[in-house]
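Undergrad: The sequence shown lines up with residues 26 to 359 when you count with this note's numbering. Before we start, here is the structure in question, set down as structure tokens.
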Amino acid sequence: MQISGSITDDLHKAVKKDSPSRTWPVYRDYDVEVDQESGKCYVVASVDLFEGMTDEAAHHGHRVKRWRGQDLEQAARTNYLPLKKPELLVELANIADNTITPEAVVGWAKYYGLLACSREEDVLERPGLIGQEAISGWACRESVSGFARAAGEVRACLRTYEALRRDEDLNLEKLSSEVGPLPGSAVRLGERKQGHERAWLFGVLGRMIQMRLHEHCYPQFNVYTSYGYPTGRFALSWGFYNLLGAIWIHMAWLLEAAESSVRFCRLPDCRRVITFDPGKSADEIGTIKDADGRFKRNARGKYKTRSDRIYCRHPRICKQKYYSRKNAGWQGYS
26 MQISGSITDD
36 LHKAVKKDSP
46 SRTWPVYRDY
56 DVEVDQESGK
66 CYVVASVDLF
76 EGMTDEAAHH
86 GHRVKRWRGQ
96 DLEQAARTNY
106 LPLKKPELLV
116 ELANIADNTI
126 TPEAVVGWAK
136 YYGLLACSRE
146 EDVLERPGLI
156 GQEAISGWAC
166 RESVSGFARA
176 AGEVRACLRT
186 YEALRRDEDL
196 NLEKLSSEVG
206 PLPGSAVRLG
216 ERKQGHERAW
226 LFGVLGRMIQ
236 MRLHEHCYPQ
246 FNVYTSYGYP
256 TGRFALSWGF
266 YNLLGAIWIH
276 MAWLLEAAES
286 SVRFCRLPDC
296 RRVITFDPGK
306 SADEIGTIKD
316 ADGRFKRNAR
326 GKYKTRSDRI
336 YCRHPRICKQ
346 KYYSRKNAGW
356 QGYS
């Protein structure tokens, strides 16, 4: 059971009844490190386990420095609510459209934090108050290859969903070559029947999301409090072990959402998802906490989706195609 009284009253106001209260850290800086033994490339948060408090003058002209342990939540530049940001799903899939480099992971992490998709990798050693101290479970370290695999699966599911929402016949071979492979336990080729390809793909998406929700998420029961005392109000919701889990929750919400609440690219044969409403009110989207612990409304990062966008992230290409077809008198281009 999670006791929500451990967070601020402002957070209670920001979190809806059906939303977990967990925030996610974005640190001030991220570096690229290469493991000398394995050769694997990692993106690592620049985090110290202690910070200076005072630099006091002492006897004989010497100065004495005093230190205190660093709280990782305070060390983060921001702590935000991932389930209030549906653009996480869309932007991660967009990044995975291209080869994921260390620089791409750093660019993502500076705005959204690391995915922390592997608990074994998310262990960081830094100098502490007493020798080397380990930081674990705070999204401080992730391999570029692990990030790429996780992002690739998210992209494959989102692109499959978009293909299913286009008004055209499915070409499964073409789609497979574009989105890449998914785990065989989700695909189940033996269940594919001619003439029922759409139904089979919906089943693939459902199984894939269930697998990743089971791996990265958990049911969470919240007890609402006021001034530290339970109010008698409760909420059953989703919790997540890592940012990747929050993104899979968004994927589940997208499939659950009515098509009218999803904004697609206006070009009919593109139909990329621009954004969607996961059932949250507009003033809750983008709620974010700064380094001083204050919550700001409608905080915007670099990747924040424009509210008036009607074309995907390739607006010049899709817009030109749309209007050239409209001028040529194509049906359905008004």
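For each residue, glycine too, the CB sits at the ideal point set by N, CA and C.
1) How would you label P16, buried or exposed, when you count the other beta carbons within 10 angstroms and need 16 or more for buried?
2) In this structure, how does DSSP classify Y347 when only helix, strand and coil are distinguished?
3) Could you tell me which of A271, S202, C182 and G205 sits nearest to L370, measuring between CA atoms?
4) Give me the Cα-Cα distance between T250 and A260, rounded to the nearest whole angstrom.
5) Contact check, G138 vs V248 under 8 Å by CB: the rounded distance?
6) Since L261 is in the beta strand (DSSP E), which residue starts that stretch and which ends it?
7) Quick one: give me the first and last residue of the beta strand (DSSP E) that T250 is part of.
8) Please report the straight-line C-alpha distance between K199 and A100, rounded to a whole angstrom.
9) Compute the Euclidean distance between the alpha carbons of S161 and Y348, then round it to the nearest angstrom.
10) Does V131 come out as helix, strand or coil in the three-state DSSP assignment?
11) In its own chain, which residues sit with a C-beta less than 7 Å from the C-beta of E193, not counting the 5 before and 5 after it?
12) Nearest by alpha-carbon distance to A121: which of C290, R297, G177 and G257 is it?
13) Determine the closest residue to A159 out of S168, E167 and D147, with distance taken between C-alpha atoms.
14) Is K351 near the ligand SAM, going by C-beta to nearest heavy atom under 7 Å?
15) Which residues share a DSSP beta bridge with D56?
16) Leaving out five residues before and five after P107 in sequence, what residues of the same chain have Cβ atoms less than 7 Å from its Cβ?
17) Could you tell me whether the Cβ atoms of P111 and H275 are closer together than 8 Å?
18) Look at R223 and L195 and say whether their C-beta atoms are less than 8 Å apart.
19) Quick one: Cα of P255 to Cα of F246, how far?
20) Tell me the residue span of the beta strand (DSSP E) that contains R288.
21) Mark Y186 as exposed unless 16 or more other C-beta atoms lie within 10 angstroms of its C-beta, in which case mark it buried.
22) Could you tell me whether the Cβ atoms of E284 and R190 are closer together than 8 Å?
23) How close, in whole Å, do the beta carbons of V115 and I299 come, if the pair is a contact with beta carbons under 8 Å?
24) Please classify A353 as buried or exposed, where buried requires at least 16 neighbouring CB atoms within 10 angstroms.
25) First and last residue of the beta strand (DSSP E) that includes I299?
26) Taking the alpha-carbon of R291 as reference, which of L214, P127, G205 and Y358 has the nearest alpha-carbon?
27) Please classify W263 as buried or exposed, where buried requires at least 16 other C-beta atoms within 10 Å of its C-beta.
TA: Inspection of the coordinates gives the following:
1) Residue 16 cannot be examined here, being either before or after the span of the chain that is shown, 26 to 359.
2) helix
3) No information on residue 370 is available, as it lies outside the stretch 26 to 359 that the chain covers here.
4) 12 Å
5) That pair is no contact at about 27 Å.
6) Y254 to F265
7) In this chain, the beta strand (DSSP E) harbouring T250 covers C242 to S251.
8) When the Cα atoms are used, K199 and A100 turn out to be separated by approximately 46 Å.
9) Each residue's Cα considered, the two are about 52 Å apart.
10) helix
11) D294
12) G177
13) D147
14) In the structure on display, the ligand SAM does not appear, and there are no ligands present to speak of.
15) V69
16) W49, L113, L268 and A271
17) yes
18) yes
19) C-alpha of P255 to C-alpha of F246: approximately 13 Å in a straight line.
20) V287 to F289
21) buried
22) yes
23) Correct: roughly 7 Å between the Cβ atoms.
24) exposed
25) V298 to F301
26) Y358
27) buried
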